[in-house]
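Notes follow the structure.
6 protein chains.
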Amino acid sequence: MQLHLSTWPEIESYLQHSKAILVPIGSTEQHGPIGLLGTDALCSEEIARRAGEEGGFLVAPTFNVGQAQHHLAFPGTLTLRPSTMIAAMTDWANSLRRHGFERIYWLNGHGGNVATMNAAFAEIQHGSSINPGHENSPTLRCSLRNWWELAGVSETIRELFPVGEGNHATPSEISVTQYLFPQAVKYADFPVRIAPSGPIFDAEDFRRRYPDGRIGSDPTLANPAAGKRLVETAVHSLVREFRNFAGA
Amino acid sequence: MQLHLSTWPEIESYLQHSKAILVPIGSTEQHGPIGLLGTDALCSEEIARRAGEEGGFLVAPTFNVGQAQHHLAFPGTLTLRPSTMIAAMTDWANSLRRHGFERIYWLNGHGGNVATMNAAFAEIQHGSSINPGHENSPTLRCSLRNWWELAGVSETIRELFPVGEGNHATPSEISVTQYLFPQAVKYADFPVRIAPSGPIFDAEDFRRRYPDGRIGSDPTLANPAAGKRLVETAVHSLVREFRNFAGA
Amino acid sequence: MQLHLSTWPEIESYLQHSKAILVPIGSTEQHGPIGLLGTDALCSEEIARRAGEEGGFLVAPTFNVGQAQHHLAFPGTLTLRPSTMIAAMTDWANSLRRHGFERIYWLNGHGGNVATMNAAFAEIQHGSSINPGHENSPTLRCSLRNWWELAGVSETIRELFPVGEGNHATPSEISVTQYLFPQAVKYADFPVRIAPSGPIFDAEDFRRRYPDGRIGSDPTLANPAAGKRLVETAVHSLVREFRNFAGA
Amino acid sequence: MQLHLSTWPEIESYLQHSKAILVPIGSTEQHGPIGLLGTDALCSEEIARRAGEEGGFLVAPTFNVGQAQHHLAFPGTLTLRPSTMIAAMTDWANSLRRHGFERIYWLNGHGGNVATMNAAFAEIQHGSSINPGHENSPTLRCSLRNWWELAGVSETIRELFPVGEGNHATPSEISVTQYLFPQAVKYADFPVRIAPSGPIFDAEDFRRRYPDGRIGSDPTLANPAAGKRLVETAVHSLVREFRNFAGA
Amino acid sequence: MQLHLSTWPEIESYLQHSKAILVPIGSTEQHGPIGLLGTDALCSEEIARRAGEEGGFLVAPTFNVGQAQHHLAFPGTLTLRPSTMIAAMTDWANSLRRHGFERIYWLNGHGGNVATMNAAFAEIQHGSSINPGHENSPTLRCSLRNWWELAGVSETIRELFPVGEGNHATPSEISVTQYLFPQAVKYADFPVRIAPSGPIFDAEDFRRRYPDGRIGSDPTLANPAAGKRLVETAVHSLVREFRNFAGA
Amino acid sequence: MQLHLSTWPEIESYLQHSKAILVPIGSTEQHGPIGLLGTDALCSEEIARRAGEEGGFLVAPTFNVGQAQHHLAFPGTLTLRPSTMIAAMTDWANSLRRHGFERIYWLNGHGGNVATMNAAFAEIQHGSSINPGHENSPTLRCSLRNWWELAGVSETIRELFPVGEGNHATPSEISVTQYLFPQAVKYADFPVRIAPSGPIFDAEDFRRRYPDGRIGSDPTLANPAAGKRLVETAVHSLVREFRNFAGA
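Residue numbers (my numbering), protein chains in the order written: chain A, 13 to 260; chain B, 13 to 260; chain C, 13 to 260; chain D, 13 to 260; chain E, 13 to 260; chain F, 13 to 260.
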């Protein structure tokens, strides 16, 4: 059940039996020579949508531009300042709280979002925590889950790509988008099969270290069949995890 | 050509021959008993996508939560504070400017966004305007266009719905989503065919005046065939308008 | 009745019978070769003051610097960032709400303010709309009115200046300030009688397109008698409109 | 010479021979039973205007709502948050700097503004100070002057009101507005001639301690003749001081 | 009693009998050729600590970076923007209010902090003052005290350093740090015994006027014995003043 | 070498041979029945100070109040909003960059700071990354290191406290403060030896789940000798790590 494909009376009904919602969150940033700029948003959006259908729970629109400052030297990357992202996530959460939601499960598709998301959670809670005497109002809980850490997914990744998974523009995430968007499978020459690894500093330095955008990965391993397996595993676990969270 | 389904080298190539991009922008807010919460984002997203295919230009991901404060009394509505929306639009625009884009065409799906969008444009320009000696840097131009004001569209709306178009949850926008999302066509009883009209103040007052969320409209007139005609008219005009804007 | 020429006990008395106040708002920005930098603030201030006297209602001090980013290439122009203007208008409104005012009528003198003012209204309302359970507190209503759109004024303008009114530094607003400030009537040579028209982008581009600051207007048509007629028409309508608003 | 009664070409000319401008700044806040809410803005505005005429220098519009948080329990008081005031003063200063002004003399009419104004000066300077390598750009200087501290003014006050001057709603400032606005001279019974003195904490506490709004003053001593003398003394000194500042 | 060397149950006990706390606040900024960068924070921290021991009251951790914009041209200086300092002080105060504290005594070690601190106090109070109907909640009082203005201290300074005290990098504050940190007594050649005096504008200008960082002072007069006397005088007065404040 | 115990000429000299500095960062928050409120700041401050002496590098004052929102239900806890913490860290970093520092090593003492610190790093970098053409300015690198993750430290912790280390108010951090502050060793009855474990949501919920503030730990195991070993191990590793970072 997708919020943006529902009417307000349908949401009013949903709130009669559940106070929980899932928000997919990603990033729009370079993913190397053959990875899509929307990879992180598309993966969490589609895994969430399928799980929402299967599990009968509500899925919000996707928070599709996140924290991608260190990818800015590659065209197409969009980023929020962390302070903007905190303000925007706070507004989304407060809108949901206003309607009676008490559990927000953020399904994340981008490792670089994790820090700012956790900071945003503290900002969201700060408002009520700082006021004495707020103890009786219903509380809001936010939970962050990276899709590749859902039960069984990382094991599947290790099995599929024992070598070359790397850290950015990985064959696993590219496999997922190849499965989901067969019309957008890309090709490129890879003079170096496995990209270099190392630290991340600012945007210019990033492009000097990782000239084609990958970190430690071999995207040529990606294939739609692997993507299908990853999506199915993730969806299966997500249905179960969300149910636990909603009832917690 | 959709940015999120492209790779960064594809965007780098695109920038060789064009500095213009389209950003669809909408809102996630109640649209009456049978209108979808995502109507405003979905309409501009899909019209933009089709025009981008036809016209060979670049379309960014959709800015999908906008300014919907006065719809907050209806469950499912999400809103940014205007100050947050200004910050977020500024970040999107600055990311694009950093890559060399000089023209951003914002295709808007929500009348309630217009004021904050124009405020954001001034905020985006402020940074460079306030500095003496910036005259030689390439300038950025932002343009706002509501899809229902594209050439021919409002005429078509008047022809299709001479009575009952109204101001919110209109048969025209609902027709568009019925055409685009046949799986999400909704039904409801309408004791009153044409909703009341009047002013908008705050959220509680809005729901008291317009108890089912509509303003002045008769959504029962909506039909997929009308939606198809509207989409085709809008796409046709958008291709031409964007081309002019890109070359301006 | 002007707030700044009143004492607090007088305001306390006023609040016994009315919860409505008028705030004049303008801009300090170039108005071409003979228009005053303060035109937009002075027009709304003086029309408001006279209407307040005639109608016996309360007029606040003038919000005299507004949104003038695209005039920054002309000396003397002052502007707030839109985000600052939203914060300041919010502070004014919250101060008034704190005293018990429930209706704020903003009489605007600058078209460029409209977007940011409407954004500010949404920001002002956001605070209470986002909190569940605020339904019982008295609500605040903000209303925006451009003085040239008061009943009868635009008709008078069309009659007085059928040609050459244009869009910026118009003979109508200059007539008003010539009538109000006879000591500040200015003269200049106008090699081109009617200024060019066109779009507005950033500040530098504005000055290149409109080198003397006017858009589409012929300020040589301005005269104090026309100003007198415009002021009287505006004052007359404003008294009636404000009364309706106050009682709404 | 008042900026808002000038045209942009006049300001462009002015900048040929002077980079200095005066900004009057005040507050809109309760001034006891017979003091005007606009006292602080009106005093600095009018002293500045007269000095600008006499000394031939430029005077900006008045920053008319300032820092009045602790007067909020009295109707009619308007206040900015300090953070908003800092943002707005920064925008005014940056607009002036953009045109080439290098000296801003803020003539202040409200003691409660002093702290936030000095904080704003540091915020204004921060932007350039924090960047290495900005040493060659022309610098901006802000100066704060309370009108009652201009040479000769405090001596005159002590002579005129050896007893009962007090700290808020003083006979000196009320004398000035009685002189400037004879149409707005107010009367009230004063059961207590000299108001109590003491500390200032928050707004509610202020009204409990100082029930009619005065602190330590006896406004019944105010008279237009005293106001005339104070204005003339202040104008005289201001012309000289501004000249020194402009040439510094 | 230092908060950071206490446990939460100890603070819970303390709140049974006192609602007052002292926060030392300073700056990290250049203090001339032999003054420590931490002078302002160290002086208030240590005077507060000793008074807290003697008087049995609670001392918070030190707010150690303040407002030092105009010292930025000297290496080692750290500064907050005034707007950041206001936000941070607000967060500290709100944290304390949340636990039940009602009196915060800020012992200040830096004249340049005073303006921003007072602005912060108004920001802290604004939140409750602006809301109608908050009259019944316990109020928070903030008080600012510069350590050199504690009873007896300025007299002692005048006695110890009748000549050469100056305004920045003074022998009195350097004496205090020499007494407190004998391991950090520094030496330098002083071609000019008494530094020049004058106004403060921006950071670059400051270093041009005061090339070694001092203003009007002769730090060679500093000595640990003088520091001892100043600390003891300050501690003695602080114990008494805090007690009065706590009981007010 | 501590910045606050140095003079500005000493920092100027230091910058001749090194562009690197260490900033200790902690939190002021409850640490259970016998842990100090300042634990997190004190541990990183003192480990940093000792390593700075041993390794001859520069240590800044301690950022002593961090992100402690979920501890707010326990008296004495101080917290910044994440957005404030980002602004303050940005100001510290920009001050250092202004002086020529290019490497900032943040030694962290609080797990709850990690997310907001990483968000702050992205905010700090954003300013330069977003501007095209900044490639030639020297770049700033920020690095975050938790003291308990320094080489050898976690191994030592596991050896010292194979059982009962837990997650908050751990015997290891309490051992460190017992060693460093023997005057502040605290005692309490522990009806339950090992505290419960579980998730963290908002402040009220935290206190309900963990009534004495601990999570999963047995602080009775803490002892000064263990603290000594941990400090020595951490200092030893930190000297080496900082040297690598400074030269990177």
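Every residue gets a Cβ at the ideal spot worked out from N, C-alpha and C, and that includes glycine.
Limits of the unbroken beta strand (DSSP E) element including residue i
| i | result |
| --- | --- |
| Ile-98(F) | First-last for Ile-98(F): 94-111, but that is the alpha helix (DSSP H), not the beta strand (DSSP E). |
| Leu-54(C) | Segment 51-67 is the alpha helix (DSSP H) holding Leu-54(C); no beta strand (DSSP E) there. |
| Leu-156(E) | 153-158 |
| Asn-125(B) | Where Asn-125(B) is concerned, there is no enclosing beta strand (DSSP E), given that its DSSP letter is neither H nor E. |
| Leu-172(A) | From DSSP, Leu-172(A) is part of no beta strand (DSSP E) but of the alpha helix (DSSP H) over 165-172. |
| Ile-33(D) | 32-37 |
is_contact[residue i, chain C] using C-beta, thresh 8 Å
| i | result |
| --- | --- |
| Asn-143(A) | no |
| Thr-182(D) | no |
CB contact below 8 Å: residue i versus chain F
| i | result |
| --- | --- |
| Arg-110(B) | yes |
| Leu-162(A) | no |
Chain A contact for residue i (CB, 8 Å cutoff)
| i | result |
| --- | --- |
| Asn-106(E) | yes |
| Phe-173(B) | no |
| Pro-87(B) | yes |
| Asp-52(F) | no |
Contacts that residue i makes with chain A (C-beta to C-beta distance below 8 Å)
| i | result |
| --- | --- |
| Pro-21(B) | Pro-45, Ala-200 |
| Thr-128(F) | Ala-127, Asn-130, Ala-131, Ala-134 |
| Phe-193(B) | Leu-17 |
Inter-residue CB distance, residue i and residue j (contact presumed, cutoff 8 Å)
| i | j | result |
| --- | --- | --- |
| Cys-154(B) | Trp-118(B) | 7 Å |
| Val-188(C) | Gly-239(C) | 4 Å |
| Ala-131(D) | Ala-131(E) | 4 Å |
| Ile-142(A) | Arg-110(E) | 5 Å |
| Thr-2(A) | Val-77(A) | Absent from the model: residue 2(A). The displayed extent of chain A is 13 to 260, so no value can be given. |
| Met-13(E) | Phe-69(E) | 7 Å |
| Trp-159(A) | Ile-46(A) | Their Cβ separation, rounded to whole angstroms, is 20 Å, which puts Trp-159(A) and Ile-46(A) out of contact at 8 Å. |
Interface flag, residue i vs chain E, CB-CB below 8 Å
| i | result |
| --- | --- |
| Asp-214(D) | yes |
Listed by chain order, chain F residues near residue i by CB distance under 8 Å
| i | result |
| --- | --- |
| Pro-94(A) | Ile-98, Ala-131, Ala-132, Ala-134, Glu-135, His-138 |
Per-residue contacts from residue i into chain B (C-beta, under 9 Å)
| i | result |
| --- | --- |
| Asn-76(A) | His-16, Pro-73, Thr-74, Phe-75, Asn-76 |
| Glu-66(A) | Per Cβ cutoff of 9 Å: no residues; Glu-66(A) is ~16 Å from chain B at best. |
Limits of the unbroken alpha helix (DSSP H) element including residue i
| i | result |
| --- | --- |
| Pro-236(A) | 236-259 |
| Val-188(A) | 183-192 |
| Pro-211(C) | Here Pro-211(C) belongs to no alpha helix (DSSP H), and DSSP marks it neither H nor E. |
| Tyr-26(A) | 20-29 |
Short CB-CB distance (under 8 Å) between residue i and chain B
| i | result |
| --- | --- |
| Leu-242(A) | no |
| Asp-103(A) | yes |
| Ala-246(C) | no |
Chain-ordered chain D contacts of residue i [CB-CB under 9 Å]
| i | result |
| --- | --- |
| Thr-151(E) | Phe-213, Asp-214, Glu-216, Asp-217 |
| Leu-10(E) | Any property of residue 10(E) remains undetermined from this structure, which presents chain E solely from 13 to 260. |
Cross-chain neighbours of residue i in chain C, by beta carbon under 7 Å
| i | result |
| --- | --- |
| Gly-225(D) | Trp-20 |
CB contact below 8 Å: residue i versus chain D
| i | result |
| --- | --- |
| Gln-81(E) | yes |
| Leu-49(E) | no |
Quiz prompt | Validate contact between the stretch 246-258 of chain C and the stretch 56-67 of chain C using beta carbons, cut 8 Å, 3 pairs | solution = Contact between the stretch 246-258 of chain C and the stretch 56-67 of chain C is present, because at least three Cβ pairs lie under 8 Å.
Quiz item: Is the number of C-beta pairs between the stretch 38-48 of chain A and the stretch 120-138 of chain A that are closer than 8 Å three or more?
Solution: With a cut-off of 8 Å, the stretch 120-138 of chain A and the stretch 38-48 of chain A count as touching, because enough Cβ pairs lie within range.
Quiz prompt | Inter-stretch contact at 8 Å, needing at least 3 Cβ pairs: the stretch 18-34 of chain B / the stretch 78-92 of chain A | solution = The stretch 18-34 of chain B, when compared against the stretch 78-92 of chain A, does touch it at the 8 Å Cβ threshold.
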